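Numbering (UniProt numbering), first residue to last: 1 to 87.
The structure is reproduced here in structure tokens:
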């Protein structure tokens, strides 16, 4: 597996402060799974969720790497390069 430069730059995994989508909570929304931005630490909902807040966050901020915030999952995804890695 070849890692992209964005994944290689991750030296410490940011984890969810709370197990909630920060945007869904503000708007009484629901989520399926949670992801944590590895640039700013925001925890938002995945693309299977109605609002797809994490993808929106990527398009608004250009923060490339997310991690799963799901218990027991240890993976990263780079939006820019379409690269997946487990840790």
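Idealized CB from N, CA, C, for every residue including glycine.
As the structure is a computational prediction, the values presented were derived from the model and not from experiment.
**Item:** First and last residue of the uninterrupted alpha helix (DSSP H) at residue 7
**Value:** The residue you call residue 7 lines up with position 7 of the chain shown. From DSSP, the alpha helix (DSSP H) with residue 7 extends over 5-8.
**Prompt:** Okay, do the region 22-31 and the region 2-11 touch, 3+ Cβ pairs below 8 Å being the bar?
**Reply:** no
**Message:** Using a Cβ-Cβ cutoff of less than 6 Å, which residues in the same chain neighbour residue 58 once the five nearest sequence positions on both sides are dropped?
**Reply:** As a first step, residue 58 must be located in the chain shown, where it is residue number 58. Hits under 6 Å: 79.
**Whole alpha helix (DSSP H) elements within the UniProt domain "UBP-type" (2-87), 4-residue minimum** = 5-8, 22-26, 53-61
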